[in-house]
Amino acid sequence: MHKIIVENQCGCFKRSDLENNLELTSKDEALSKAIQMKNHMNAEFCGKHEFQLIEDSENFVISFRAPQESSCCGTGCCS
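This is the structure:
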């Protein structure tokens, strides 16, 4: 079995019709469904987060994408 796991479930996910911990027998079907879910989340959710898909052994994990590194020094002068 291949599982699609959504980590860091934001409010948009909780209000959506999407399901967490889906289990599919075919790896190809699970990957296709995980890509479809990730794309839907990035296109239809509020935009506060960007989601990425990572394969982890038999599972596909959808999680927040790590924020981009900033060259800002953090003193507030860059804003």
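Using the working numbering, you'd call the opening residue of the sequence shown number -18 and step up by one each time. A virtual CB, placed ideally from N, CA and C, is assigned to each residue, including glycine. Bear in mind that the values here come from a model prediction, so they are computed numbers and not experimental data.
Give every residue of the same chain whose Cβ lies closer than 6 angstroms to the Cβ of residue i, excluding the five residues on either side of it in the sequence, and list them in chain order.
i, result
"residue 1", "-13"
"residue 46", "31 and 33"
When the Cα atoms are used, what is the spatial distance from residue i to residue j?
i, j, result
"residue 42", "residue 7", "16 angstroms"
"residue 32", "residue -1", "14 angstroms"
"residue -4", "residue 17", "18 angstroms"
"residue -6", "residue 9", "23 angstroms"
"residue 38", "residue 29", "28 angstroms"
"residue -8", "residue 26", "9 angstroms"
"residue -11", "residue 19", "13 angstroms"
"residue 24", "residue 36", "21 angstroms"
"residue -18", "residue 5", "6 angstroms"
Apart from the five residues on each side of it in sequence, which residues of its chain come closer than 7 angstroms, Cβ to Cβ, to residue i?
i, result
"residue 15", "-15, 34, 41 and 43"
Quick one: residues in its chain with C-beta nearer than 8 angstroms to the C-beta of residue i, no 5 flanking neighbours on either side, listed in chain order?
i, result
"residue 3", "-16, -15, 11 and 14"
Around the C-beta of residue i, are 16 or more other C-beta atoms found within 10 angstroms, so that it is buried, or is it exposed?
i, result
"residue 22", "buried"
Which of helix, strand or coil does DSSP assign to residue i?
i, result
"residue -1", "coil"
"residue 40", "strand"
"residue 61", "Since the first residue shown for the chain is -18 and the last is 60, residue 61 is missing from the structure and cannot be characterised."
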